Amino acid sequence: MSTPERDFAPGGGPAAKVSVSLRTGNIRAVRERVGARGFSAYVDAAVERQIERDLLEEALQANEAASGPIPQSLRDEAAELFRRVKSAPELQGEDGWPAHEAG
Numbered sequence: 001m002s003t004p005e006r007d008f009a010p011g012g013g014p015a016a017k018v019s020v021s022l023r024t025g026n027i028r029a030v031r032e033r034v035g036a037r038g039f040s041a042y043v044d045a046a047v048e049r050q051i052e053r054d055l056l057e058e059a060l061q062a063n064e065a066a067s068g069p070i071p072q073s074l075r076d077e078a079a080e081l082f083r084r085v086k087s088a089p090e091l092q093g094e095d096g097w098p099a100h101e102a103g
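Residues 1 to 103 (UniProt numbering) make up the sequence shown, in order.
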C-alpha cells in the first residue's frame, strides 16, 4: 500500500517511482553530470530546490502585500552582497563554484 504524498513535507518521505517527460537536451545534460545511477537523485534535488524557490517567492509576495514593496536601495544592497559572497575565493573550488551533488 502506498503512502499518500500529502503526509510528507517537500524533501521528506520514502522514494516513489513516477513517470515524467523531460526534454532530450536536459536528459543528456543530467546524465553527463551524474551518470545513469545518479539521475533520480539529481532530479529530486532539482525539484526540491524549485519548491523552495516557489515558497520563497510566495513569502516575498505576502511580505510585500503586508508591508509594501522592498525599497530599491535595499534590493541594490542585497544584490551587491550576493555578488561579493559569490566571488569570495574561499567559497570556490579550483574551477569556480563546486558542482552540487544530489542526494
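Don't be surprised by glycine CBs; every beta carbon is placed ideally from N, CA and C. Keep in mind the model is a prediction, meaning the values are calculated, not measured.
Return the CA-CA distance between residue i and residue j, expressed in angstroms with no decimal places.
| i | j | result |
| --- | --- | --- |
| V18 | V34 | 19 Å |
| V20 | G38 | 16 Å |
| P10 | A62 | 20 Å |
| F8 | L55 | 16 Å |
| T24 | K86 | 31 Å |
Can a CB atom of chain B be found closer than 9 Å to the CB of residue i?
| i | result |
| --- | --- |
| A65 | The structure shown has no chain B; it contains just one protein chain. |
Here's the rule I'm using: 16 or more other beta-carbon atoms within 10 Å means buried, otherwise exposed. How should residue i be labelled?
| i | result |
| --- | --- |
| V30 | buried |
Ignore the nearest five residues each way along the sequence and tell me which others in residue i's own chain have a CB closer than 8 Å to its CB.
| i | result |
| --- | --- |
| E64 | I70 |
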